[in-house]
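These notes concern the structure reproduced below.
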């Protein structure tokens with residue numbers, strides 16, 4: 019990796035203001051899926067790859083105009099601060115995309131009227147031009163390291179902590195990531211940033227690759243490099259934590275990464291060192307092992323798997339085909355992690371929130387989470403959180419996959435299924451489904467009235483709290499003691515009394 023020194027831009031702490039700066043934005047939280055009964059399964063295990071592609075093509079095709087509009091708007095807004103290198107690379111990318119589009123259209127039309135020998139020279143010239151532009155756009159290193167001026171690897175208790183930070187960029191704006199954005203991230207979090215940039219192959223080819231990655235999980239050169247770097251950090255005992263920031267299509271690499279890591283490592287301390295934060299994720303699913311959280315080792319009640327947190331604007335065109343429908347609508351799939359949704363107060367916004375700068379300016383303006391939208395009261399979406407658990411419970415009983423994109427789920431139907439399921443349980447180990455639902459309800463109540471920066475994993479990493487985030491720790495087991503008069507706490511499963 020290429021090392022780039024970056025001056026530290028740490029912002030001194032201020033007292034929290036009375037009102038957040040982003041008055042036109044609001045924040046809501048959807049809790050992470052528990053699914054104690056394993057009712058959900060990955061979408062790739064429910065349908066064939068061809069079926070998934072056929073169903074996903076209309077969604078991606080409909081989002082292409084919105085994505086192009088957002089890219090053009092973000093480029094126009096940042097034209098004053100853009101360098102000539104950024105503008106030149108953007109112009110070449112646009113030219114490459116137009117040449118690819120012209121090749122696809124012309125080839126289909128000219129193939130019918132021109133003989134093959136006449137078409138061959140023109141086709142060779144066109145392909146050679148596209149190949150030259152692709153080589154030029156990707157001639158620079160796609161893996162960089164930005165060094166913070168004064169790394170903050172010391173926790174609040176004085177213990178030295180070493181952490182590895184990785185940034186997985188989105189589809190475009192590579193030059194922006196090279197110049198100023200990575201320096202901004204290194205200054206905010208106070209750690210060295212290892213940046214992985216995507217290869218730019220032209221928008222038609224990039225869109226096709228995104229479509230395949232969303233449904234087939236094709237590994238790329240970037241995902242393989244990221245896997246080896248993250249795996250090395252998890253294996254090194256001197257590394258206390260590994261943090262990954264992914265923007266838009268970078269979340270597709272994270273989906274593949276999590277599946278490979280969970281296949282390589284057993285549940286425990288090594289996987290728990292990993293925390294993932296996505297911004298406008300383009301993935302339609304993100305899987306981790308779920309199930310009964312009380313089967314872990316009681317001597318080490320900490321988390322056993324990576325912690326995943328998503329942030330998404332409601333007007334982000336990439337999030338509208340990715341994380342937002344993946345958590346809100348596709349309840350038949352498995353999309354792990356909690357979701358912080360940033361709502362726009364304007365019914366007709368002038369521009370879309372698209373770039374990672376938009377997310378940083380809204381969440382951590384000037385490095386202070388209490389100034390932006392995180393300084394507002396965070397509304398917990400209890401209805402959606404409970405609906406996801408009820409849907410998983412219903413699927414585990416009926417053994418039928420839900421089709422939530424065509425018809426909205428009925429609360430009454432799910433309630434009847436859950437009630438019939440819980441009434442038929444006789445053993446406490448079989449009560450994991452109602453336990454997961456009750457745990458989500460209790461946690462939603464406990465988080466009401468909190469501001470966005472409170473109990474927030476991203477803010478905790480910014481404050482250099484190198485502790486594990488107690489997402490599924492044993493302290494949450496005590497919230498179940500109000501369910502049907504049962505108390506579970508830290509009782510040995512072998513000595514549990516049977517439920518009557």
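Numbering (my numbering), first residue to last: 19 to 518.
Glycine included, each C-beta is placed from N, C-alpha and C at the ideal position.
When you compare each of the options to residue i by their alpha carbons, which one comes out closest?
i           : options               : result
residue 231 : 164, 266 and 211      : 266
residue 289 : 263, 271, 264 and 258 : 258
residue 154 : 219, 400 and 336      : 219
residue 354 : 377, 306, 372 and 323 : 306
residue 54  : 226, 466 and 414      : 414
residue 339 : 83, 47 and 121        : 83
residue 45  : 398, 323 and 473      : 398
residue 261 : 223, 182 and 249      : 182
residue 112 : 221, 346, 225 and 282 : 221
residue 90  : 372, 382 and 464      : 372
residue 282 : 131, 250, 109 and 255 : 250
residue 273 : 103, 105, 241 and 215 : 241
residue 244 : 254, 255, 101 and 278 : 278
residue 201 : 184, 64 and 217       : 184
residue 156 : 217, 235 and 78       : 217
residue 166 : 57, 68, 248 and 203   : 203
residue 300 : 59, 109 and 77        : 77
residue 71  : 253, 308 and 235      : 235
residue 519 : 69, 127, 147 and 189  : Nothing about residue 519 can be reported from this structure: the residues present for the chain run from 19 to 518 only.
residue 239 : 268, 342, 199 and 206 : 268
residue 223 : 109, 454, 189 and 291 : 189
residue 161 : 308, 129 and 195      : 195
Could you tell me the boundaries of the beta strand (DSSP E) in which residue i lies?
i           : result
residue 261 : 257-265
residue 238 : Careful: residue 238 lies outside any beta strand (DSSP E) and carries neither H nor E.
residue 182 : 180-186
residue 294 : 292-297
residue 45  : 43-48
residue 162 : 161-165
residue 211 : 211-214
residue 55  : No beta strand (DSSP E) contains residue 55, which DSSP labels as neither H nor E.
residue 330 : 325-331
Any idea if residue i is buried or exposed, counting beta-carbon neighbours within 10 angstroms, 16 or more meaning buried?
i           : result
residue 228 : buried
residue 6   : Because the chain is modelled from 19 through 518, residue 6 falls outside the range shown and cannot be assessed.
residue 442 : No answer about residue 442 holds up, because its pLDDT of 47 lies below 50 and its placement is not dependable.
residue 394 : buried
residue 295 : buried
residue 271 : buried
residue 456 : buried
residue 139 : exposed
residue 391 : buried
residue 464 : exposed
residue 215 : buried
residue 107 : buried
residue 207 : buried
residue 199 : buried
residue 237 : exposed
residue 131 : exposed
Return the first residue and the last residue of the alpha helix (DSSP H) that residue i is part of.
i           : result
residue 207 : 200-207
residue 12  : This structure does not reach residue 12, given that the chain is present from 19 up to 518, and the question cannot be answered.
residue 479 : 475-480
residue 77  : 67-95
residue 272 : 268-282
residue 354 : Here residue 354 belongs to no alpha helix (DSSP H), and DSSP marks it neither H nor E.
residue 342 : 341-346
Below 6 Å CB to CB, which residues in the same chain sit around residue i once its five sequence neighbours on both sides are set aside?
i           : result
residue 302 : 232 and 344
residue 477 : 387 and 471
residue 375 : none
residue 81  : 335 and 339
residue 524 : The structure shown does not extend to residue 524, since the chain is modelled only from 19 to 518, so the question has no answer here.
residue 62  : none
residue 361 : 44 and 332
residue 410 : 53, 57 and 58
residue 15  : Given a span of 19 to 518 for the chain in the structure shown, any question on residue 15 remains unanswerable.
residue 263 : 185 and 295
residue 357 : 48, 328 and 345
By Cβ distance, which residues of its chain are closer than 7 Å to residue i, with the 5 residues on each side in sequence left out?
i           : result
residue 475 : 293, 325, 327 and 487
residue 468 : 396
residue 403 : 48, 49, 458 and 462
residue 406 : 51 and 349
residue 286 : 322
residue 466 : 398
residue 59  : 352
Counting only beta-carbon atoms, is residue i nearer than 8 Å to chain D?
i          : result
residue 83 : The structure shown has no chain D; it contains just one protein chain.
### Query
Where are the alpha helix (DSSP H) runs, 4 residues long or more, that stay fully inside the region 366-421, in chain order?
374-381 and 400-416
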